[in-house]
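Peer 1:
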Amino acid sequence: MTRKKVLVTGASGMLGANLVSQLEVHFDVYSTSSSDFKERKFDKFKVFDLNKEDYSPLFSWVDPDVIIHCAAITNGNFCQNNPYEAFLTNSFSCEKLASFSNKECHIIYISTDAVFSPDIHLAKESDIPNPENIYGKSKELGEFLLQSSHKKISIIRTTIVGLNLNSKKSGFAEWIIRSQQKEEKINLFEDVLFTPISIWRLGKEIISLIQNPMNRKICHISGSEVVTKYDFGYELVKSLNGNFDLLTKGSIREFSGRAKRSTDQTLSCKKYEIERSVKLPALIETVNDIKIKYNERYKNWK
Ligand SMILES: NC(=O)c1ccc[n+]([C@@H]2O[C@H](COP(=O)([O-])OP(=O)(O)OC[C@H]3O[C@@H](n4cnc5c(N)ncnc54)[C@H](OP(=O)(O)O)[C@@H]3O)[C@@H](O)[C@H]2O)c1
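This is the structure in structure tokens:
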């Protein structure tokens, strides 16, 4: 049987780069992003700027059965100060991927908890999005454009944590780990709630959605436990036998100069769990995924 051709966008990013290696076991994987990176081990990679109008160079290189659209401008402050770029990359790329891909192509769009306002605790698929900032609005418009496209689509709203393969990038977990290595104190919000899932666990669910697509267009795939950003940092430091004295409890209210970010970023994944007969991870499993990957890559975390 021929393997499905899968195109991953955002392949130099945290999710995309890790996803390519996971998908390669099952599918014929092609990937793209706006720049290359020295740690890249996979081939069939093409540098392509999704802000271009004409996607034919990408689709003459690969005619995918499935697209996993991970590319986005994820920096909330940058989006807030550069709305044109935010909408061009995060929203209109969806429309262009839909129009240039073949009519059977299944597009899986990685969306976010940021499409909801903080008034909603454990947001469900049936709740109405009401983003607080430009990043959330641009992802919501991406969802809308795909839903209007008449293509086979799956929108995954998630809240991911993990490690970057690309050394030019750094995420939340890496910031905590580095602060421990440099013995620097950091403040973690105790008034921001979220439901984190590791990128590798999300990757498993994406594989299952490619092999066995859902009937509905939107699903929430996140961790199953509500925690604060401080709880996450605490568990991560504990699992790595780090120094708790370097962690202090902070408040998002101290960060008034930044793009507005919801204090409740929690997603309910109950519907997905029931429909797919899976149990999505609690905090300890998510942190353990990070520990395993960190130790695989760097042998010893210190
Ligand atoms: N990280 C989170 O906390 C989080 C939470 C919920 C949802 N999400 C969603 O999950 C997805 C993956 O997030 P991530 O953290 O892996 O993102 P990331 O690390 O910031 O990576 C973003 C990727 O998008 C690419 N990209 C940006 N602009 C582009 C353009 N004009 N043309 C082509 N590629 C472009 C980047 O390429 P270059 O680096 O080469 O520019 C990079 O590969 C995103 O869609 C995001 O909205 C993320």
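The sequence shown maps to residues 1 to 302 in the UniProt record's numbering. Each residue gets a CB set at the ideal place from its N, CA and C atoms; glycine is no exception.
Within this structure, are the beta carbons of isoleucine 156 and leucine 146 separated by less than 7 Å?
Peer 2: For the purposes of this step, residue 156 is taken as the residue at position 156 of the sequence shown. For the purposes of this step, residue 146 is taken as the residue at position 146 of the sequence shown. Not in contact: isoleucine 156 and leucine 146 (Cβ atoms no closer than 7 Å).
Peer 1: For threonine 195 versus valine 237, is the C-beta spacing smaller than 7 Å?
Peer 2: As a working mapping, residue 195 is identified with position 195 in the sequence shown. As a working mapping, residue 237 is identified with position 237 in the sequence shown. No.
Peer 1: Which runs of the beta strand (DSSP E) fall wholly inside the region 171-198 and span at least 3 residues, in chain order?
Peer 2: List check, beta strand (DSSP E) in window: 186-189.
Peer 1: My guess is that valine 6 and phenylalanine 27 are in contact by the Cβ rule of under 8 Å, so how many angstroms apart are they, rounded?
Peer 2: Locating residue 6 in the sequence shown gives position 6, where the first residue counts as 1. Locating residue 27 in the sequence shown gives position 27, where the first residue counts as 1. The pair is a contact, with the Cβ atoms about 4 Å apart (cut-off 8 Å).
Peer 1: From the DSSP secondary-structure annotation, give me the bridge partner or partners of glutamine 147.
Peer 2: Residue numbering aside, residue 147 sits at position 147 when the sequence shown is read from its first letter. Paired residue(s): none; glutamine 147 is not in a bridge.
Peer 1: In three-state terms, what does DSSP make of leucine 163?
Peer 2: Position 163 of the sequence shown holds residue 163. Leucine 163: coil per DSSP, three-state reduction.
Peer 1: In whole angstroms, what is the alpha-carbon distance linking phenylalanine 116 and lysine 279?
Peer 2: On the sequence shown, position 116 is the one that residue 116 refers to. On the sequence shown, position 279 is the one that residue 279 refers to. Approximately 23 Å between the Cα atoms of the pair.
Peer 1: Under 7 Å, do lysine 96 and tyrosine 55 count as touching if we go by C-beta distance?
Peer 2: Position 96 of the sequence shown, counting from 1, holds the residue named residue 96. Position 55 of the sequence shown, counting from 1, holds the residue named residue 55. For lysine 96 and tyrosine 55, yes; Cβs fall inside 7 Å.
Peer 1: Expressed to the nearest angstrom, what Euclidean distance is found between the alpha-carbon atoms of isoleucine 107 and serine 126?
Peer 2: Here residue 107 corresponds to residue number 107 of the sequence shown, with the count starting at 1. Here residue 126 corresponds to residue number 126 of the sequence shown, with the count starting at 1. Going by the C-alpha atoms only, they are around 21 Å apart.
Peer 1: If you drop the 5 nearest sequence neighbours on each side, which residues of the same chain put their C-beta closer than 7 Å to that of phenylalanine 87?
Peer 2: Position 87 of the sequence shown holds residue 87. Taken in chain order, the residues that qualify are Ser138 and Leu141.
Peer 1: Taking the alpha carbon of residue 312 as the point to measure from, which residue in Tyr234, Glu24 and Lys41 has its own alpha carbon closest?
Peer 2: Outside the shown range of the chain, which is 1 to 302, sits residue 312, and nothing can be said about it.
Peer 1: With a CB to CB cut of under 6 Å and the five nearest residues on each side skipped, what residues in its chain are close to lysine 124?
Peer 2: As a first step, residue 124 is located in the sequence shown; it is residue number 124 there, counting from the start. Excluding sequence neighbours, lysine 124 sits near Ser268.
Peer 1: Please confirm if the region 195-208 is in contact with the region 2-19, defined as three or more CB-CB distances below 8 Å between the two stretches.
Peer 2: The answer is yes - the region 2-19 touches the region 195-208, with three or more Cβ pairs under 8 Å.
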